[in-house]
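Let me begin by presenting the structure, written as structure tokens, before commenting on it.
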Amino acid sequence: MAFSVLIRGGVVVDGTGGEPVCADVGVSGDRIVAIGALAGAEAARVVEAAGLAVAPGFIDIHAHGDVTCLLCPEASARLHDGVTTEVIGNCGESPFPQSAEMLAERADSAERHGIAVDWATLDAFASRHAEAGCALNRASLVGHGNIRRAVMGEVDRSPSPAELEAMRRQVEVALDAGAFGLSTGLIYAPGMYARPEEIHALCEVVARRGGLYASHIRGEGDSVEAAIEEFASVGRSTGVRLQLSHVKVSGQANWWKADRIIERLHALRAEGLDLAADRYPYTAAWTSLSALLPGWAREGGRDRMLERLGEPSTRARMRAEVERSRGLESDSAGIVVADAACDALRAAEGQSLQAIASQRGCEPSEAMLDILAASRGRTSVVIFSMCEENLVKWLKLPFVAIGSDSASRSAEGPTARGKPHPRSFGTFARVLGRYAREKGVLTLTEAVRRMTSLPASRLGLADRGVLRRGAFADITVFDPDEIADRATYGEPQQYSVGVRYVLVNGALAVDDGRLTGSHSGRFLRKVWA
1 MAFSVLIRGG VVVDGTGGEP VCADVGVSGD RIVAIGALAG AEAARVVEAA
51 GLAVAPGFID IHAHGDVTCL LCPEASARLH DGVTTEVIGN CGESPFPQSA
101 EMLAERADSA ERHGIAVDWA TLDAFASRHA EAGCALNRAS LVGHGNIRRA
151 VMGEVDRSPS PAELEAMRRQ VEVALDAGAF GLSTGLIYAP GMYARPEEIH
201 ALCEVVARRG GLYASHIRGE GDSVEAAIEE FASVGRSTGV RLQLSHVKVS
251 GQANWWKADR IIERLHALRA EGLDLAADRY PYTAAWTSLS ALLPGWAREG
301 GRDRMLERLG EPSTRARMRA EVERSRGLES DSAGIVVADA ACDALRAAEG
351 QSLQAIASQR GCEPSEAMLD ILAASRGRTS VVIFSMCEEN LVKWLKLPFV
401 AIGSDSASRS AEGPTARGKP HPRSFGTFAR VLGRYAREKG VLTLTEAVRR
451 MTSLPASRLG LADRGVLRRG AFADITVFDP DEIADRATYG EPQQYSVGVR
501 YVLVNGALAV DDGRLTGSHS GRFLRKVWA
């Protein structure tokens, strides 16, 4: 039998967690058709993999390339990190649905990003994804924030019965079109305005299909334990499958709670809840600077928030609440501007709020509000709020998949700006290099399982995440002795090393460490039974 690609002489780590075996892998078209001793087989292309690990392509279960996937279809950082599929639509934000009002608010997207955000539905977005010629596969959840915003705007109140029914219908429409489930971002507007009963009502729809509910829960610091209980109650009342996004405990005063959270997660699983989590291998978070504002300050959307920033008495109230509720004065040294999103503020990138405030002769909270006003609320920040000891504890949990919590980027082109969190470039190589090879937190086979079959099983991705006959030929070939991240907080736009070959749907996207320019990625849709 002649193969389109033959990967010869590698160590197959099949994604299941089983023992690696020396074997050849034969690919025909977009499928794996043979695994074993294939000496003498003919192939259009032979990849010599002696001394290399041959694994399923890595699946980033928690990504945010919702628009950057079109702006950066080559996804260079992802491919150098071994990723072949990323899951977008997390933290309550997805590319769809979008109302006419939402599209109007993004009318400047072409000017700012070079991409016109002009689609309203999953189908329309999938068409744009295909037209862009993306290098990766993408699956999507539907964001609760999009649904709520489309139905009732950014208001802090419960939906009327008619509005709630309209939201439930929007979930149905997205699932029918191929979304894999629902996500919430309960620290972000408008998700933070939703009461638990609203989330329960929407998750009833998801549960009927067997879909996934992924949540950035309502609190990850002082209120993390209550937030976990709220999250669990959704699964308990609806039967929906639960995915705890980027499990963490933020703030040094709360780090001691990690052991209690772990004990509670084990208990909830023993209770029968279908619950898993994901995590990135870093101790700093990355979010919008506006997320540090109180909820009332964000109600009504960006324009209303900016109006409040311009009202002296309201601005003073915002500043006081930021200082009181977030402890900004004591933590400002650990809040660093990542992407200023404003040319006038580029010099602030890589600097802490404390340093910026010192330069300006003002308090950190005042500097924060100035930055938000100048950038029209678009500045993002890296926040150093976690500890290494707890990170290791999360990574040791067998139900924690690996997710970057970041957007698709390249070190060149329109996404090469600012100082993004290094997880955009190095998440998967960092797990394999630092936490598997160097620290022994995970075995190689277990680390690969967390990146492949575990996320695939959580999503219900058919024929991906494992190496076996009949599976799609998403394959990552890497040097287990060399693979490592190179991205740092100071110099984040550096590609990982050690990934030699990557196949996406049978086409070589990385060939001997170099990008080929292949754009064989697909927009993946859930087909419900």
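Note that the sequence shown covers residues 1 to 529 in our numbering. Cβ atoms here follow ideal geometry from the backbone N, Cα and C, with glycine treated the same way. Predicted, not measured: the structure shown is a model, and the values here were computed from it.
Consult DSSP for valine 151 and reduce its assignment to one of helix, strand or coil. helix
In the DSSP assignment, find the alpha helix (DSSP H) that holds valine 431 and state where it starts and stops. No alpha helix (DSSP H) contains valine 431, which DSSP labels as neither H nor E.
Give the straight-line distance between the Cα atoms of proline 73 and alanine 132, rounded to the nearest whole angstrom. 6 Å
The alpha helix (DSSP H) spanning glutamine 243 covers which residue range? Note, glutamine 243: premise wrong, no alpha helix (DSSP H); beta strand (DSSP E) at 241 to 244.
Sub-8 Å separation of leucine 136 and threonine 85 beta-carbons: yes
Whole-number beta carbon distance between alanine 174 and leucine 103, since they are thought to touch under 8 Å: Not a contact, Cβ separation roughly 17 Å.
Just the Cα atoms here: how many angstroms apart are threonine 488 and arginine 500? 22 Å
N-terminal and C-terminal residue of the alpha helix (DSSP H) that leucine 38 is part of: No alpha helix (DSSP H) contains leucine 38, which DSSP labels as neither H nor E.
Excluding the five sequence neighbours on either side, which residues of its own chain have a C-beta within less than 7 Å of the C-beta of arginine 449, listed in chain order? Gly15, Thr16, Gly17
Find the nearest neighbour of valine 392 within the set Asp259, Arg149, Arg522, judged by alpha-carbon distance. Asp259
Starting from glutamate 74, trace the beta strand (DSSP E) both ways and give me its first and last residue. That residue, glutamate 74, is in no beta strand (DSSP E); it is neither H nor E in DSSP.
Span of the beta strand (DSSP E) around valine 499: 499 to 504
Express the C-alpha separation of isoleucine 402 and tyrosine 435 in angstroms, rounding to a whole number. 12 Å
Name the DSSP beta bridge partners of glycine 143, please? Ser183
Within a Cβ cutoff of 7 Å, which residues of the same chain sit near alanine 473, ignoring the five residues on either side of it in sequence? Val27, Asp30, Arg31, Ile32, Leu503, Asn505, Gly506
DSSP state of asparagine 90, grouped into three classes? coil
CA nearest to the CA of valine 11, picked from Glu19, Ser4, Val5: Glu19
Taking only three categories from DSSP, how would you classify threonine 287? strand
Under the three-state reduction of DSSP, which class applies to glutamate 363: helix, strand or coil? coil
Which residues bound the alpha helix (DSSP H) around valine 173? 161 to 177
Can you list, in chain order, the residues of its chain whose CB lies under 8 Å from that of leucine 442, leaving out five sequence neighbours each side? Leu395, Lys396, Val431, Tyr435, Ala436, Arg450
Classification of alanine 285 by the beta-carbon crowding that lies within 10 angstroms, buried from 16 upward: buried
Can you tell which of Trp296, Lys248, Phe96 has the C-alpha that lies nearest to the C-alpha of leucine 182? Phe96
Kindly examine the ligand SAM and report whether one of its heavy atoms sits closer than 7 Å to the Cβ of alanine 401. Summarising the ligand content, the structure contains no ligands, and the ligand SAM is consequently not present.
Figure out for me which residue from Leu293, Ala416, Gly9 has the closest Cα to the Cα of leucine 372. Leu293
Excluding sequence positions up to five away, which residues of its chain have a Cβ less than 7 Å from the Cβ of arginine 264? Ile228
Between alanine 2 and alanine 39, what straight-line distance do the alpha-carbon atoms span, to the nearest angstrom? 12 Å
Which of the three DSSP states, helix, strand or coil, is assigned to glutamate 48? strand
Straight-line CA distance for histidine 129 to cysteine 69? 8 Å
DSSP three-state assignment for valine 25, whether helix, strand or coil: strand
Collapsed DSSP secondary structure at isoleucine 383 in the structure displayed: strand
Just to confirm my understanding: we take glycine 512, look at its own chain, exclude 5 residues before and 5 after, and list those with CB closer than 8 Å. What are they? The displayed chain sequence assigns aspartate, not glycine, to residue 512. Here the set comprises Arg500, Tyr501.
Rounded C-alpha distance that separates glutamate 48 from alanine 23: 12 Å
Residues bridged to arginine 8 by DSSP? Glu48
Leaving out the 5 sequence neighbours to the left and right, which residues in its chain are closer than 8 Å to glycine 517 when beta-carbon positions are compared? Glu74
DSSP three-state assignment for alanine 189, whether helix, strand or coil: coil
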